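For reference, the structure discussed in these notes is given below.
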Amino acid sequence: MLTVESGFPYYISLTEGKDINLLFQSEDNFKLLHSLSEEQACFRYAPGKWSIKQIIGHITDHERVMIYRALRFSRQDSTLLSGYDQNLFVDHSTFDHHPYCDVLNDFVNVRKSTLSFIKLLTPEQLKLKGKAWKFELTVLEFLQATIGHEIHHMNVVREKYLK
Numbered sequence: 300m301l302t303v304e305s306g307f308p309y310y311i312s313l314t315e316g317k318d319i320n321l322l323f324q325s326e327d328n329f330k331l332l333h334s335l336s337e338e339q340a341c342f343r344y345a346p347g348k349w350s351i352k353q354i355i356g357h358i359t360d361h362e363r364v365m366i367y368r369a370l371r372f373s374r375q376d377s378t379l380l381s382g383y384d385q386n387l388f389v390d391h392s393t394f395d396h397h398p399y400c401d402v403l404n405d406f407v408n409v410r411k412s413t414l415s416f417i418k419l420l421t422p423e424q425l426k427l428k429g430k431a432w433k434f435e436l437t438v439l440e441f442l443q444a445t446i447g448h449e450i451h452h453m454n455v456v457r458e459k460y461l462k
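All you need for this note's numbering is the position in the sequence shown, starting with 1, plus 299.
As structure tokens, this is what we get:
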């Protein structure tokens, strides 16, 4: 069984059998997130864990990075792209210092950009491959890993933060 430590393969597995366009267009997570108060968004279920604001900021940053990678590979750029340290990104962010609505609006805006990008991809571009860190994936797999990453974190929010 794949684990969180498996990275992209685990995230991709969360999208198996599902239409990638419908997953990105789904409003379910946004509806849930819009229903949360500022107080809920600041909650941490244990010491050292990220707040919901930080999780949303992390999902947004991750989507930015992954879509940049997908863009490069969809344009047949075979440059090996480095990974990134998610903890460094969150540790040096200011998500917790901004109103929750601003953090959430940033996520919404990034998603709009992602949807615009996906709409313009051809079936041929979705099959192009690129390598980021130690993973070689098609553009479609980068998209699956991106939305699978969101699915993973939203499952954590539902199970550990909102119970």
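Glycine residues also receive a C-beta, built at the ideal position from the N, C-alpha and C atoms.
This one's a predicted model, so the numbers in the text were calculated from it and none came from an experiment.
If you reduce the DSSP assignment to three classes, tell me which class residue i lands in.
i: L380; result: strand
i: P308; result: helix
i: H329; result: Before going on, a small fix: residue 329 reads as Phe here, not His. Correct three-state label for F329: helix.
i: L301; result: Because the pLDDT of L301 is 39, which lies under 50, any placement of that residue in the model is unreliable, and the question is left without a value.
i: G316; result: coil
i: K428; result: strand
i: T421; result: coil
i: T437; result: strand
Considering only residues of the same chain and omitting the five flanking positions on each side of residue i, which have a CB-CB separation below 8 angstroms?
i: S381; result: A431, W432
Measuring CA to CA, which of the options is closest to residue i?
i: F441; options: G316, Y344, L321, Y367; result: Y367
i: K348; options: S325, D395, F372, L331; result: D395
Might you give, ordered along the chain, the residues of its own chain that have their beta carbon closer than 6 angstroms to the beta carbon of residue i, omitting 5 neighbours on each side?
i: A444; result: F307, Y310, I311
i: E449; result: I358
With residue i and residue j assumed to form a contact (beta carbons below 8 angstroms), what rounded beta-carbon distance in angstroms separates them?
i: G429; j: S392; result: No, G429 and S392 are not in contact; Cβ-Cβ is about 26 angstroms, not under 8 angstroms.
i: E337; j: Y383; result: With a Cβ gap of about 28 angstroms, E337 and Y383 do not count as contacting.
i: A498; j: V438; result: It is not possible to answer for residue 498, since the shown part of the chain is limited to 300 through 462.
i: I446; j: I319; result: 7 angstroms
If you drop the 5 nearest sequence neighbours on each side, which residues of the same chain put their C-beta closer than 7 angstroms to that of residue i?
i: F342; result: S350, I351, Y460
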